[in-house]
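All remarks here apply to the structure that follows.
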């Protein structure tokens, strides 16, 4: 054992616990192999409860990148850390993924990660702590290709109990020409689905301000959006018991002509306004050409919109990112995509830009309580020359 490891182990156990509690989960997992004393501290029930309580407020960003003829890599970055972590997940996927299969990362929550296979059109769940990989049976819609999944239309809910590795996966889609909510429960390994109602009167007027509802996009288009809202359940052993609500927000006449839609992705000079959706919110990113070069653009304005208080019938303007923030993040790009998340009154967005094979990651946040915008600086993730095969926000990883 190296001398520095011996010196660390000679510290009082209370101090060792305090130091380890400041680390991210990937670092703690590595410490388990140092010696039996460290392993015992990390495996202690009180330590696990303290760490899980602390990590519950952390927000993670996960990127899944691929390189030609090389293995894909999953990277994670926590808002409480200052570096990227390589999540060792490829060896787990090899257990069940056929050779030559194209794997795409869909979403994550706590320790559960969902992947889609492009060729066989299967879904797979991975628990990174227990290293259990499972096939998820096809939904009532049948097998789905990776292009059928929309980030704003799905939500993964893991069990809040750290000793439970079950989860629920929800997504919204049109079925028989009706907005439909689909749910998979890993405890019973079955799918259920339910059609929504357009009875807006059952929506509380302050639903926009809390996390009581889950909002999933069934469609987004020029004429407006179709969103399914359902009351959030915090138990993983129950399925949805309330009728989902169908909300159809549109732009009022004043803003309708200003929103020529590019949903989730823009490329070159094809569009100067990108819309990114998530959790009942919408972010619009306006851009200009760089020196009349049609292949390069720069961000000039970012706006945040939410569901209107009059039962969600309109997209309601919330805030504009300040000019100093725009100046800070505005760099030339050729293509852009994004995703959004809202929890506890804070809206977060990731904008991924690409210019000639070089990726830039922009992490933005907006606090609804004090109207404050912020940009979290991220170190380089060595994405140059890679293909992005999935990006999502997630809650904190937990020990079990």
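Residue numbers (the working numbering): 4 to 403.
We treat Cβ as the ideally placed atom computed from N, Cα and C, and that holds for glycine.
None of these values were measured; they are calculated from a predicted model.
Q | Counted within 10 angstroms of its Cβ, other Cβ atoms place residue 13 as buried (16 or more) or exposed | A | exposed
Q.
Taking the alpha-carbon of residue 366 as reference, which of 308, 335, 331, 347 has the nearest alpha-carbon?
A. 331
Q: Pull up the CB-CB distance for residue 140 and residue 196, whole angstroms please, since I reckon it's below 8 Å.
A: With 8 Å as the limit, residue 140 and residue 196 do not qualify as a contact, their Cβ atoms being about 13 Å apart.
Q) By Cβ distance below 7 Å, which residues in the same chain neighbour residue 152 in space, the five residues on each side in sequence not counted? A) 109, 119
Q: Compute the minimum distance between the beta carbon of residue 225 and the heavy atoms of the ligand FAD, and state whether it is under 8 Å.
A: With respect to the ligand FAD, the structure shown offers nothing to examine, as it has no ligands at all.
**Q.** Backbone CA spacing between residue 183 and residue 229 [nearest angstrom]
**A.** 11 Å
Q. When DSSP labels each residue in this structure, what does residue 132 get in the three-state scheme?
A. coil
Q) Any idea which residues DSSP pairs residue 286 with across the strands? A) 279, 307
Q) Comparing alpha-carbon positions, which option in 359, 150, 254, 277 lies nearest residue 392? A) 150
Q. When we look at the beta-carbon of residue 383 and count the other beta-carbons within 10 Å, is it buried (16 or more) or exposed?
A. exposed
Q: Leaving out five residues on either side along the sequence, give the residues of the same chain with a beta carbon under 6 Å from the beta carbon of residue 218.
A: 230, 232, 282, 283
Q) Between the C-alpha atoms of residue 181 and residue 360, what's the straight-line distance to the nearest angstrom? A) 40 Å
Q) Quick one: what does DSSP say residue 291 is sitting in, helix, strand or coil? A) strand
Q. Going by Cα to Cα distance, which pick from 114, 86, 129, 74 is closest to residue 104?
A. 74
Q: Could you spell out the range, first to last residue, of the beta strand (DSSP E) harbouring residue 18?
A: First-last for residue 18: 16-24, but that is the alpha helix (DSSP H), not the beta strand (DSSP E).
Q.
So the candidates are 187, 159, 377, 254; which of them puts its Cα closest to the Cα of residue 114?
A. 159
Q: Would you kindly check if the distance between the Cβ of residue 177 and the Cβ of residue 220 is under 9 Å?
A: no
Q) If you draw a straight line from the alpha carbon of residue 368 to that of residue 125, how long is it in whole angstroms? A) 33 Å
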